[in-house]
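One structure is given below, encoded as structure tokens.
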Amino acid sequence: MNIRNLLSLLLSVPLILLVSCSNPGSGKGSPVTVRGKIGMTCMDLTNPFFKLIANVMEEEALKYGYSLVALDGANDGAAQNSQLADFVAQGYDAIFLNPADSKAAAEGVRKAHAAGIPVFTFDIQIDDSTVGEMVTSHIGSDNFQGGQLAGKSMMKATGNRGKIAIVGLPEVTSCILRVEGFKDYLKNNGGNLEIVTELNGKGNRNEGFAVTTDILQAHPDIVGIFAINDPSGLGAYAAVAKANLTDRITIVAFDASPAGKQGVFEKKLFDTPQQFPRKMAEGTVQSFIRHLQGDEVNRSIFIPCSHYYYETAVNDESRINEQW
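The numbering used here applies: residue 782 is where the sequence shown begins, and numbers increase by one.
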């Protein structure tokens, strides 16, 4: 390397350092200082819902100088507790938690609390009242209200007559609440629908297809299925289509994910009560920042869901662009 090239390289080093370290809250292109790190773990990072949340959380946290490490809990409570223990051991400044198992995650929260690391849950709450008090703040959809929307849609689509089934996910509090809201609406609004079976679809397409196939064999006369999310709802549709029963069986799902929105547009799903993951992600980061500043933080925030019908889907730019 000649002297001119060496001098050029040395002069560029301070500029590289300046660009790579900047101050939080400053304008675009200004220096940013990394203040700390946040550990995030969710039940299934391959699910577009959680992938979007992770990306938005990372973007929002960086605005305040915090890096975020997002891990996949892989629907395994024990594995997720190991991730939480690692966050604690490595001295993370905060933990953002979406429990893979609402009960099992209590162990990891206890460890974080004992170490003085604030835990912020999102989407799914801890199913333990004592440990729940150790959580600094929770933000998620109003799943009970969303379940009520699903119940209203099911009554509307079926004419409020016949037998129906539920494809649930009983390990997760948010999905339990959706089913409870669904049943509550039927009970308190003159529902004449008979729920003949309720099976665990594991929240994914393959299991949704498998359990719906079983349902159709045991109860070939059902007129509707409520699935607790879009993957299991679309899996249920595939089973119904294979049995040539799409003209008789209505499917109501939940989420209004890009695939769910398209499913409504293609009339595979009658409704998929809409969640707002961006609001969830942004709200979690904001709660953390307010906590750091010593401000009062809401212990729980529930974002209302809304119907997502075919009429919604027709001119929905987010559906066309495959966005939440």
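We treat Cβ as the ideally placed atom computed from N, Cα and C, and that holds for glycine. None of the values given here were measured: they were computed from a predicted structure.
Please go through the same chain and pick out, in chain order, the residues whose beta-carbon is closer than 7 angstroms to the beta-carbon of residue i, but skip the five residues on each side of it.
| i | result |
| --- | --- |
| Y1089 | A1037, K1042, V1045, D1052, T1053, P1054 and Q1055 |
| T994 | A1020 |
| Q998 | none |
| V794 | With a pLDDT of 37 at V794, under the threshold of 50, the predicted position of this residue should be treated as unreliable, though the coordinate-derived value follows. Answer for V794: no residue qualifies. |
Relative to the C-alpha of residue i, which residue among the options is closest?
| i | options | result |
| --- | --- | --- |
| K884 | A1062, G971 and Q906 | Q906 |
| T917 | D1002, S910 and P899 | P899 |
| V869 | I947, G854, V890 and I920 | V890 |
| A835 | S1099, D1011 and E1063 | E1063 |
| P1039 | K937, F877, Q1074 and E1103 | E1103 |
| G846 | I1070, A1017, D965 and N981 | I1070 |
| H894 | D882, A875, A881 and D904 | A875 |
| N1079 | G921, D857 and P829 | G921 |
| A886 | A860, E979 and I1030 | A860 |
| L950 | S1081, M824 and E1098 | M824 |
| S955 | G1005, N862 and F1035 | F1035 |
| S1081 | K892, F901 and A855 | F901 |
| I1003 | G858, L974, K1060 and I1009 | L974 |
| A991 | G928, N862, Y1018 and E840 | Y1018 |
| W1105 | K818, T814, R816 and V837 | V837 |
For residue i, count the other beta carbons within 10 Å of its own beta carbon; 16 or more makes it buried, fewer makes it exposed. Which is it?
| i | result |
| --- | --- |
| Q871 | exposed |
| V948 | buried |
| Q758 | With the chain represented from 782 up to 1105, any question about residue 758 goes unanswered, as that position is not in the structure. |
| P880 | buried |
| P1058 | buried |
| D853 | buried |
| E952 | buried |
| P829 | buried |
| T1157 | An answer regarding residue 1157 cannot be provided, because it is not within the stretch 782 to 1105 covered by the chain. |
| Y966 | buried |
Considering only residues of the same chain and omitting the five flanking positions on each side of residue i, which have a CB-CB separation below 8 angstroms?
| i | result |
| --- | --- |
| K1128 | The chain is shown from 782 up to 1105; residue 1128 falls before or after that span and cannot be answered. |
| E988 | N981, G982, S1013 and G1016 |
Identify, in the order they occur along the chain, each residue of the same chain with its Cβ nearer than 6 angstroms to the Cβ of residue i, setting aside the five sequence neighbours on each side.
| i | result |
| --- | --- |
| F1083 | D923 |
| N985 | P1012 |
| V850 | G820 |
| I1101 | none |
| D909 | A887 |
| A896 | V869 |
For this session: Would you be able to state if there are at least three C-beta pairs under 8 angstroms between the segment 928 to 942 and the segment 969 to 980?
Result: Yes, the segment 969 to 980 touches the segment 928 to 942.
For this session: Jot down the residue ranges of each uninterrupted alpha helix (DSSP H) in the segment 869 to 907, minimum 4 residues, whole runs only, in chain order.
Result: Those alpha helix (DSSP H) runs which fall completely within the segment 869 to 907 and span 4+ residues are 887 to 895.
For this session: Please list the segments of the alpha helix (DSSP H) lying wholly inside the segment 1033 to 1076, counting only runs of 4 or more residues, in order along the chain.
Result: 1039 to 1046 and 1058 to 1073
For this session: Give, in chain order, every unbroken run of the beta strand (DSSP E) that is at least 3 residues long and sits entirely within the segment 959 to 1032.
Result: The segment 959 to 1032 contains these whole beta strand (DSSP E) runs: 974 to 981 and 1005 to 1008.
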